[in-house]
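Protein chains in written order, with our numbering: chain A, 1 to 309; chain B, 1001 to 1285.
Ideal Cβ positions, reconstructed from N, Cα and C, are used throughout, including at glycine.
Here the structure is a predicted model, which means the values were calculated and not measured.
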């Protein structure tokens, strides 16, 4: 089946909650639409809609899958749009695969506005692979996570964002205002792949250990399925996702630090890289809630006398 | 944001509780019957410490002055000089250190003899802390308990407890959760005495040894807790300041009365920390 097309039908029906209206919006008849939703439900093995009442309602499973479905549809739309863009200079850009779809879209739109003559070709690549791709010239510019060590590359302004913790909404910690890393004891941790983000991996786990959290197991992956299932927690920016609770981390111990990275190049790519770096800083501040990097406050460790008694 | 369910927490720990917490810098506050007059138990040592510092600031004496504490000066108590056997020569500030960090009753009475009730209470009145008064030494507290009960420690029978005047705020050292927290906030804002004295007092409160009450609610290396406990039969309390890694700081006072007369009630102690945590968490939302 064409899964993306079926997911698009699903998102439209979920918005309308009415098969007739959704069919009109999609420019098709109602019976084939119903059939396709049924096929999607078979494919996924869950019921997405409750059609028993007079009104169509999303099932719990449908509610949980809707966000992901929207994201997939948005990414595919963007892919097609990029493919449609005209010829001319191509700027090959690497972005981390877990960067929010909205942020990637804003990056592309912002860059197109200032550089209509340059086609942006984004690819989702983890930091470590971006560094290799930059060195090889496979991409012109990357958006990388720090800390990185890559001699010969240039880095733009570093932006930061305090990460919170993503928990299943049934987790007892979802009820408190702030979570300390030590409170996460006993929980497994979901992180981006270590091979792809070695610096961030090492730094995050070191902070966890220092603050009293040694995850029983570290899972590697991007989707939040394990978090939804209550099998793991993850660190990240605030998200609104059914079934998932986001809480700030007490003391902001986990910081996401990103910057643009590029290999010193010759014009005209060089000018495009500068423009991209400027657009990236603006977009990450406006769309991703990132801020200028400031001096990291010195971590104070309280000297409780009981510790030495 | 609705108030945390303090009653349910206290009930679950087998106690009745009173609480007040405030952001020291913004004044944002939360309370649970915060203005109820309550016995301070050993928390009266906090205004005594402040009054001692103010007298030293005024040049009445030097805190490094040494005094000799003999057996005749010894007030009963389980810690510090009260529990020692021999004469001790020690500076006034080290007596204060023992009075706060291990709640030494003998150190407290020696210092109260030096400072005087009047100076402590005049200071409290000048601070506008009208619900807080110091009227008894540790020795008088102890004598009152044995006189009321007709026997010495321990006091485990409900009939004995009903007779203890030290559990009646009208007849013993008293305060309210709000006023205890306000006094701590003044120390943390350098308003209670000279800035130098306030800094020293903060250091001493941070060296208090007990981990089971306020500090138990904040079991993190990067959160500092300074305070002073107070304990009498069925009464457990602590007031102090919790400092977060982002620099925000909260004055908190929690006092509980347990339904059971048992002396060892770790859940009642921990409820003080948990209630404080809930209050601070509420203030940070």
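Legend: CB atoms of the segment 172-188 of chain A lying less than 7 Å from CB atoms of chain B belong to residues 176, 177, 178, 180 and 182. Among the residues of chain B, none has a CB under 9 Å from the CB of residue 287 of chain A; the nearest is roughly 25 Å distant. Residue state for residue 1043 of chain B is assigned as helix, using DSSP reduced to three classes. The three-state secondary structure of residue 293 of chain A, taken from DSSP, is coil.
Per DSSP, residue 1244 of chain B lies in no beta strand (DSSP E) and is assigned neither H nor E.
Look at residue 134 of chain A: its C-beta is not under 9 Å from any C-beta on chain B. With respect to chain A, the C-beta atom of residue 1047 of chain B has no partner C-beta closer than 9 Å.
Taking residue 1088 of chain B as reference, the option from B:1068, B:1143 and B:1106 with the minimal CA-CA separation is B:1068.
Distance from the Cα of residue 1073 of chain B is smallest, within the candidate group B:1110, B:1173, B:1229 and B:1117, for B:1110.
The alpha carbon of residue 1108 of chain B has as its nearest neighbour, out of B:1118, B:1121 and B:1093, the alpha carbon of B:1093. Counting only Cβ-Cβ distances below 7 Å, residue 1219 of chain B has contacts in chain A at 182, in chain order. Listed as beta-bridge partners of residue 58 of chain A by DSSP are A:49. Nearest CB-CB separation between residue 1145 of chain B and chain A: not below the 9 Å threshold. In this structure, DSSP gives residue 302 of chain A a state outside helix and strand, which the three-state scheme calls coil.
The beta-bridge partner set that DSSP reports for residue 1029 of chain B consists of B:1022. Around the C-beta of residue 1017 of chain B, 16 or more other C-beta atoms lie within 10 Å, and the residue is accordingly described as buried. Neighbours of residue 1284 of chain B across chain A, judged by C-beta separation under 8 Å: 177 and 178. Distance from the CA of residue 1184 of chain B to the CA of residue 226 of chain A, rounded to the nearest whole angstrom, comes to 45 Å. Listed in chain order, the non-local C-beta contacts of residue 1269 of chain B below 8 Å within the same chain comprise 1212, 1213, 1216 and 1236, local neighbours out to five positions each way being set aside.
At the C-beta level, residue 156 of chain A and residue 280 of chain A come within 9 Å of one another. If you draw a straight line from the Cα of residue 1238 of chain B to the Cα of residue 1030 of chain B, it is about 16 Å long. Of the residues B:1120, B:1182 and B:1243, the one whose Cα lies closest to the Cα of residue 1137 of chain B is B:1120. By the C-beta criterion, the segment 1185-1193 of chain B is judged not to be in contact with the segment 1253-1260 of chain B, since fewer than 3 inter-stretch pairs fall below 8 Å.
Against chain A, a Cβ distance below 8 Å from residue 1281 of chain B picks out 176, 177 and 178.
Close to residue 164 of chain A, with beta-carbon spacing below 8 Å, lies no residue of chain B; the smallest spacing is near 13 Å. Only residues of its own chain outside the window of five on either side were considered, and among them 241 and 242 have a CB closer than 8 Å to the CB of residue 67 of chain A, listed in chain order.
Straight-line measurement puts the Cα of residue 1250 of chain B at about 15 Å from the Cα of residue 1222 of chain B.
Secondary structure in the segment 1063-1147 of chain B: the beta strand (DSSP E) runs of 3 residues or longer, each lying completely within the stretch, are 1066-1069 and 1088-1091 in chain order. Look at residue 270 of chain A here: in three-state DSSP terms it is helix. Residue state for residue 227 of chain A is assigned as helix, using DSSP reduced to three classes.
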